[in-house]
Structures are given as structure tokens and as C-alpha cells.
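Heads up: the structure comes next, in C-alpha cells.
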Amino acid sequence: MSRILVPCHVKGTVALQVGDVRTSQGRPGVLVIDVTFPSVAPFELQEITFKNYYTAFLSIRVRQHTSAHTPAKWVTCLRDYCLMPDPHSEEGAQEYVSLFKHQMLCNMARVSELRLILRQPSPLWLSFTVEDLQIYQQGPKSPSMTFPKWLSHPVPSEQPALLCEGLPDPSRVSSEVQQMWALTEMIRASHTSARIGRFDVDGCYDLNLLSYT
Amino acid sequence: MLQEESDLSLMIAQIVQKLKGSNLYSQLERQAWASLQRPEIKLESLKEDIKEFFKISGWEKKLQNAVYSELSVFPLPSHPAAPPEHLKEPLVYMRKAQGSWEKRILKSLNSMCTELSIPLARKRPVGEQKELLNKWNEMGTDEPDLSLFRPVYAPKDFLEVLINLRNPNYENGDSLSFRTHLGLIQVPLKVKDIPELKECFVELGLNTGQLGIDDSTQVPPELFENEHVRIGQKVLAEQDSAAAQQYIRQGSPTALRAELWALILNISSEPEDVLYYEQLKTNVIQHDLLVDSLIYKDVKLTASNDDYYFVFEDYLYQVLLCFSRDTSVLSHFAYNSASPPKSYIRGKLGLEEYAVFYPPNGVIPFHGFSMYVAPLCFLYHEPSKLYQIFREMYVRFFFRLHSISSHPSGIVSLCLLFETLLQTYLPQLFYHLREIGAQPLRISFKWMVRAFSGYLATDQLLLLWDRILGYNSLEILAVLAAAVFAFRAVNLMEVTSLAAAEAVLADLSTLKVMPLLQIFLFATVT
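Residue numbers (my numbering), protein chains in the order written: chain A, 1 to 213; chain B, 1 to 526.
Okay, here's the thing in C-alpha cells:
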């Protein structure tokens, strides 16, 4: 399925914390990232891709336009999606993640704003976020072809003439020929990726020192 | 779901691409051409008839084994946005640490080169080539002057690097808190605890027969051993890799071990493989590498001094020297966090067309490297088969023991698993050893890096390596290390220094591996 990148503006992360950020001892466990689409009309969201950085759970809310008259509403489309199975250990901490339309709780039509709520309950990590956030909408479907009428509806008078007995059925022959042609095409298209195994350059392998780059 | 289907098709495409370059592909093609002569193959249903023929003649089984082998070795296809470094190692700080460790090794090798004024590689003059060819089967009799060479690094240098490994995003406070690990490893990787290990190693349980326990002289063979051998012979007759891997979890009978390991590692000795080994031998004869001297030194220092392995000295040279020239090993760097060192042909520094890898296989041996090969010499006597088995064992398992990565079978995870098991289930012992300045990992690290080769008796070692192959994981090494400490706990509680603790654990040659593992996992009251 094709997809198009939607240009977005990712606002800075806002920590949700009770009390004064400067004086309190603990680190915030909840961060909010707002994503707006300044130059794009409300669209159907297809996919969200990002690189995780120590976020344990992710919730996503979208602002959806339901119809022309009612104002846009905020709807939760993903609740507490687990990115790190054990928040205290490194598993899943720096993985690349894709979230698709079919994983969401609501339909993703006419989205105008996105809010990501990141949670990391473990106090072991100094910071957490998501990086390289990219939003995609559905690309155009492949253009439908209109077949000329004579291809899909043969004229009745053009029925195949009956062949004399002893010759094989033409439709069977044609399907077999098609199969064989497909096989030959496959063989022609395939090529091996075997390596040659030479380590020298034109028979010469005189080296001085190892390179650091 | 759509996601799983696309993952599956991606994986299938990757495996097909890999197998297309292999020997098996050309063999299958040849067989398919040859089968056209057979009367049951009809032109109309060519595809189905050939598939049926493959099924009956056993070629489908070979293909199944090859696919199973690829699945065991290669990691799952990653996210499309992930760069290739991510497949090698997902955590950025570990990649950086591996990079700086490699730089240190390169500097060490370069300084050895300049100090001794020996080139990294040179072409041998014809006279020397003839001489080496004549001496090929008895290179052990050669006594070159290796006094100026020193190993590039030893396991204890590597341990220091692992001890200093830190995650920059982790709370590494100076004061002791719930965050600091009490052991030497300070990175928070996920490791299994005993209930999870029990689930994972369920075939080692008390109710399942084991070779190494239930084949001892007091147990009548009718109870387990005879039946187990019979099943082993059946598995070999079927030539099924997956079944062999499942079977070997209970240990392998000595007579069947060589064939079983070859089946699991999907090694078949075709004429092409022997030819490939001969080609490598030619490469050894034509070019002389500095790495060769390091290999000589290592063999002389370790295997030649070992009571069990000194007889195999010549085999070790034949395998390790050829291993350094084998460029097919380079493909494992796709999933290894390490990278092969680069160099340029003399006089062509900086020109990419003259960039080569050094050594050709990208692996610089360290002190004790030859011990990975030595136990295999008991099983395989034909050099090309021995070579293939070692190479496959290296690119599946052994490379993880000397590179920094977050993989569950990587050495960092094994160290953390060992320390966590000891701390959780033997807290008094752990505390005592820590108090006297004898951190347990300082003693057990060298066992795990060598996969216990040279420390256990050979029959016990082979039983342990059976399980490594059976479970396709190295975690059993950490469990065994903890089990050894548990076994000698009473003596260790009485020592008062690191040297004394080392002395208690110096000799493991009398230990029986399987009872130790079984008791530690399944019979200890937690």
C-alpha cells in the first residue's frame, strides 16, 4: 500500500508533573508531545513511525472532525501501547516502531492534530522520548483501467470453431504454455548472490597498517 | 493481521535470497533437470510433479534443513526504517563501546607491526611456499621465534571493558542505592530468572532422562540409554535438522555425536566443500599474515599445554590458518555488533578500490581462541569437515562471546545472568565474596568466554555443547557457572581472599556438568 509523508510540526515535549519542576526531587514520568499539521487539511491517518528512546507506554489522542457542523473532538485512538515489556530493562528501549490504522481504537478519518502521551514509570532512566516521528496518509490507489469493450465482452459470433478430434483442447494447451512461460521468466529473472571469495586485489595483498576509519 | 503477513513474506524473501547463492540451489536445479527424464514428470503439470519428486527423493528434507538453519542463525527482519547498524546492535551506546574497543585492538595490532617491523601481510616467496606445502601436516614441529609476539588481548582485558560499560541514560549514581548493581556489570539488560530458565530448559528436568546422568554405570541401560540411542539412529536416518536439535537436548550418544552435530549445523561434505577448503589452503600457502603468528603463539600457549588437546596441535593450525582466509565469514558481521578491520594495499591509502579487510575473515584472534576448535578435534578427523563445523559454530555461537552486544546470548547478558542468579539464589555467598574483594565474575568470566573449553573434562564439555546446540543459546554457560559456585559454596564461604577463591575453583576437571545443572535449576529450594 503506498503512503505519503505528511509534513508535520512537532512541538517540544511538555512534562506533566505535580508541583514545581525545579524543586521536586523525582523526574517526570509522563510527557506530552503535540503534533500539528499547519499546511494540510484534515486527512486520513495511515501510519505513524518513530524511533523509541526509553518510553515504556504510549497513548495517542487525535483531534477528529466528524462533520462540517460539530466542532472537532479529541478521541483516544491508542491506549497504553507497550513499547518496553519490562520498563526497568533495556528490551525495546531503542527500537523502531510502526503503528498502523488497523491497530487504532477508532477510525482515523479527518485528523487535524495529534497528541502523544509518553509514560515511563521506572525511575532508572534519566530521560525518555520518541524520535524521528513521521506521519503517513494513504497514497493514491493505482488508477483503475477501463478495458475496451471488445476485450471483456467478446462478440457472440466469434465463438471458437470446433477443431477435429485428435487435437488437444486449446484452452488446456494455452494454460500449460502460460505456466511454462512463467517458469522461464522466473529463471531468467533470478540471479545468485554468491560471493567470489577473493580477498586480494588483483593478486596483491601487501598491507602495511590497519585503518582506523 | 496485515503486519504479520508482510513480516512473513519479508522473511521468506530474505531466506530465498540467501539460499539462491548456496550450493543447495545449484544441486536442486541439477536434480530438477535430471528428473525431466523420469516418466512420471509430465510437461503439463511440471511444477507439481517436480515438487512431488523432491518430496519422495529426500531433497525436500534437505531444503527444509537449509531453511531451518537460516531461521536459527539470522535474526528476524527488522523495521524498514532501521539502518543496518540497528540489526547488528540496537542500543547506540553498546555500538559505541564496541567501536572504541575495536579501535584499541587495531592500535595494539598496529603498534606490534611497527615495533617488530613486520608487515600485516606479504606474499610468500616460491621457495617458502613449497616448504610450507611439504610441512602442511606437521606444522606443530615448526618452532618459529614467537617471543616478541604477544596476544592482542586476553579475556581479562575484555572484562575490564565490560565492567566500564555504562548507559548514558541510566541513573549511575555514585552512592549505593537500589539502582546500583552489586555485581561488576552495570547495564540493565533483561535476563531470565530461575522460573523462566526452568521453562526454557524443560528437557533438563528431573523427570526427563539425560545423557550425563541416566547413562552412568549404576543405571541399567534399559531404563533410558538404549531407547535414546535407538531414537538417535532414527533421527539420523530421517536426516531432519529440527528433530535432531530437539533430540540433542537430552544429550547425544558418543557414537552419534559427530553426525548429529553436522545435521544440526546443516553441514554436508560435498566435493565442493572439500574444494573450497583446498582453496583456502592455497591462500594460506601464498600469503603470509601477521595473524598467523598470533595463531601460532596462541596454540603454543594454550592447546599445546593442555593434557587433552596437545595431540591435535597440527589440526588446529590447519583449521585456524584457513579460517583467517575465509571471506564467507564476513557475512556474519551483518548480525554481529563487531565490524571487520579495514586496510589499504600498500601505497594506495584512501583509495576505495584498494580497500580490503584484514584478516580476510575479519576476525582477530585473542588469547585462548584456539580452544574453540580443540574439542571439535575429538569428533572430526577429516580437516575439511572439521573446518566447516568450526566455522559454523563460530558464526552461530562463539562470536557472541567476544563482542559487546545486548543479545540474550551475548557475553554481557551472560555475565549479568550469572551475577543475578548468584545474587538471588546464593545471597550469602555473593555478599561474602564481594566483601573479601573476590567478585564472582572475575573468576567465572574466563570460563564463559571460552565456553568452558579447557576447564571441564572433554566428555563433560561435549555434553554441555550438545545443549548449546539443542537450545540454540549460550545461556546455559551462565547457569553452569552459577551451579559450579553453588556446588563449591561451602568451601568458598571459608576463603578470605580472591586468590584463595581462585584456588577453590581452579580445577573443574572432576565436575559432572548435567547433575550440577539439574540440581541448580530444578532441585534447589528457592
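Using N, Cα and C, we set each Cβ at its ideal position, and we do this for glycine too.
Owing to the predicted nature of the structure, the values given are computational and were not obtained by experimental measurement.
State the Cα-Cα distance for the pair residue i and residue j, rounded to the nearest angstrom.
| i | j | result |
| --- | --- | --- |
| lysine 529 of chain B | isoleucine 231 of chain B | Past the boundaries of the shown model lies residue 529 of chain B; chain B is included only from 1 to 526, so the question cannot be answered. |
| lysine 130 of chain B | threonine 282 of chain B | 11 angstroms |
| valine 449 of chain B | histidine 402 of chain B | 7 angstroms |
| tyrosine 317 of chain B | aspartate 306 of chain B | 16 angstroms |
| phenylalanine 430 of chain B | arginine 122 of chain B | 51 angstroms |
| asparagine 336 of chain B | leucine 76 of chain B | 14 angstroms |
| leucine 8 of chain B | serine 78 of chain B | 12 angstroms |
| arginine 115 of chain A | tyrosine 96 of chain A | 19 angstroms |
| glutamate 270 of chain B | aspartate 132 of chain A | 49 angstroms |
| asparagine 169 of chain B | proline 87 of chain A | 13 angstroms |
| aspartate 202 of chain A | alanine 182 of chain A | 40 angstroms |
| serine 193 of chain A | tyrosine 25 of chain B | Reliability of the predicted coordinates at serine 193 of chain A is poor, the pLDDT of 48 falling under 50, and the value obtained from them is presented with this limitation in mind. If I take the Cα positions, the gap works out to 11 angstroms. |
| asparagine 491 of chain B | leucine 433 of chain B | 12 angstroms |
| lysine 192 of chain B | leucine 417 of chain B | 7 angstroms |
| isoleucine 60 of chain A | leucine 517 of chain B | 47 angstroms |
| valine 484 of chain B | threonine 496 of chain B | 19 angstroms |
| valine 111 of chain A | threonine 36 of chain A | 10 angstroms |
| phenylalanine 452 of chain B | phenylalanine 57 of chain A | 41 angstroms |
| histidine 86 of chain B | histidine 9 of chain A | 27 angstroms |
Can you tell me which of the three DSSP states residue i falls into?
| i | result |
| --- | --- |
| arginine 346 of chain B | coil |
| lysine 51 of chain A | strand |
| asparagine 167 of chain B | coil |
| serine 193 of chain A | A caution first: serine 193 of chain A carries a pLDDT of 48, below 50, which makes its placement in the model unreliable, though a value can still be read off. Residue state, collapsed to three classes: coil. |
| threonine 76 of chain A | strand |
| aspartate 49 of chain B | helix |
| leucine 43 of chain B | coil |
| glutamate 44 of chain A | coil |
| serine 268 of chain B | coil |
| isoleucine 213 of chain B | coil |
| histidine 9 of chain A | strand |
| asparagine 208 of chain A | strand |
| isoleucine 443 of chain B | helix |
| tyrosine 122 of chain A | Here the sequence assigns serine to residue 122 of chain A, which means tyrosine is not the residue at that position. The answer is coil: DSSP assigns serine 122 of chain A none of H, G, I, E or B. |
Just to make sure I have the definition right: I need the residues of chain B whose C-beta is within less than 7 angstroms of the C-beta of residue i. Which are they?
| i | result |
| --- | --- |
| glutamine 94 of chain A | Pro90, Leu91, Val92 |
| asparagine 208 of chain A | Pro119, Leu120, Arg346 |
| cysteine 204 of chain A | Ile345 |
| tyrosine 136 of chain A | Those do not exist, as tyrosine 136 of chain A stays about 11 angstroms from chain B at its closest Cβ, beyond 7 angstroms. |
| serine 211 of chain A | Lys342, Ser343, Tyr344 |
| glutamate 91 of chain A | Lys190 |
Mind reading off the beta-carbon distance from residue i to residue j? Whole number of angstroms is fine, and I expect it under 8 angstroms.
| i | j | result |
| --- | --- | --- |
| proline 359 of chain B | valine 291 of chain B | 5 angstroms |
| tyrosine 212 of chain A | leucine 106 of chain B | 6 angstroms |
| asparagine 167 of chain B | tyrosine 93 of chain B | 5 angstroms |
| glutamate 435 of chain B | leucine 184 of chain B | Contact doesn't hold; Cβ gap of about 15 angstroms is too wide. |
| leucine 320 of chain B | valine 373 of chain B | 6 angstroms |
| glutamine 137 of chain A | valine 32 of chain A | The Cβ separation is near 23 angstroms, so there is no contact. |
| arginine 477 of chain B | leucine 426 of chain B | A quick correction: the sequence has leucine, not arginine, at residue 477 of chain B. Not confirmed; about 18 angstroms, so no contact. |
| aspartate 298 of chain B | proline 365 of chain B | 6 angstroms |
So which residues of chain A does residue i contact, with C-beta pairs closer than 7 angstroms?
| i | result |
| --- | --- |
| glutamate 44 of chain B | Glu176 |
| proline 360 of chain B | Phe199 |
| alanine 81 of chain B | Thr49, Tyr96 |
| asparagine 266 of chain B | Near asparagine 266 of chain B there are no residues of chain A at all, since even the closest Cβ is about 17 angstroms away, more than 7 angstroms. |
| tyrosine 354 of chain B | Val201 |
| histidine 381 of chain B | Chain A residues near histidine 381 of chain B: none, gap ~26 angstroms exceeds 7 angstroms. |
| asparagine 110 of chain B | Leu209, Leu210 |
Applying a beta-carbon distance threshold of less than 8 angstroms, which residues of chain B neighbour residue i?
| i | result |
| --- | --- |
| methionine 180 of chain A | Leu43, Leu46 |
| tryptophan 125 of chain A | Asn169, Tyr170, Glu171 |
| histidine 88 of chain A | Pro188 |
In chain A, what lies closer than 9 angstroms to residue i by C-beta?
| i | result |
| --- | --- |
| phenylalanine 397 of chain B | Neighbours of phenylalanine 397 of chain B on chain A: none; closest Cβ ~21 angstroms, over 9 angstroms. |
| isoleucine 248 of chain B | Those within 9 angstroms of isoleucine 248 of chain B in chain A number zero; the least Cβ separation is about 29 angstroms. |
| leucine 76 of chain B | The contacting residues do not exist; leucine 76 of chain B stays about 12 angstroms from chain A at best. |
List the residues of chain D whose Cβ lies closer than 9 angstroms to the Cβ of residue i, in chain order.
| i | result |
| --- | --- |
| cysteine 77 of chain A | Among the chains of the structure shown, chain D does not appear; the protein chains present are A and B. |
For a contact meaning CB atoms closer than 9 angstroms, what does residue i contact in chain B?
| i | result |
| --- | --- |
| serine 2 of chain A | What serine 2 of chain A touches in chain B: nothing, since even the nearest Cβ is about 14 angstroms away. |
| leucine 183 of chain A | Leu46, Lys47 |
Taking Cβ-Cβ distances shorter than 8 angstroms, what residues in chain A pair up with residue i?
| i | result |
| --- | --- |
| phenylalanine 357 of chain B | Phe199 |
| cysteine 200 of chain B | Here the premise fails: no neighbours, minimum Cβ distance about 16 angstroms. |
In chain order, what residues of the stretch 400-425 of chain B put their CB closer than 9 angstroms to some CB of chain A? Against chain A - using a Cβ distance shorter than 9 angstroms - the residues of the stretch 400-425 of chain B are Ser406.
Taking a Cβ distance cut-off of 7 angstroms, strictly less, list which residues of the stretch 33-55 of chain A are near chain B, in chain order. Per Cβ criterion, the list reads Thr49, Tyr54.
Between the stretch 117-134 of chain B and chain A, which residues of the former have a C-beta closer than 9 angstroms to a C-beta of the latter? Only Pro119, Leu120, Ala121, Arg122, Lys123 from the stretch 117-134 of chain B bring a Cβ to less than 9 angstroms from some Cβ of chain A.
For the stretch 325-344 of chain B, which residues have a beta carbon sitting closer than 9 angstroms to at least one beta carbon of chain A? Hits within the stretch, in order: Arg325, Asp326, Thr327, Ser328, Leu330, Ser331, Pro341, Lys342, Ser343, Tyr344.
Which residues, in order along the stretch 295-325 of chain B, keep a beta-carbon less than 8 angstroms from a beta-carbon of chain A? Under the 8 angstroms Cβ criterion, the stretch 295-325 of chain B contributes Arg325.
Using Cβ-Cβ distances below 7 angstroms, what residues of the stretch 458-479 of chain B are close to chain A? Contact residues of the stretch 458-479 of chain B toward chain A are absent (C-beta to C-beta distance below 7 angstroms).
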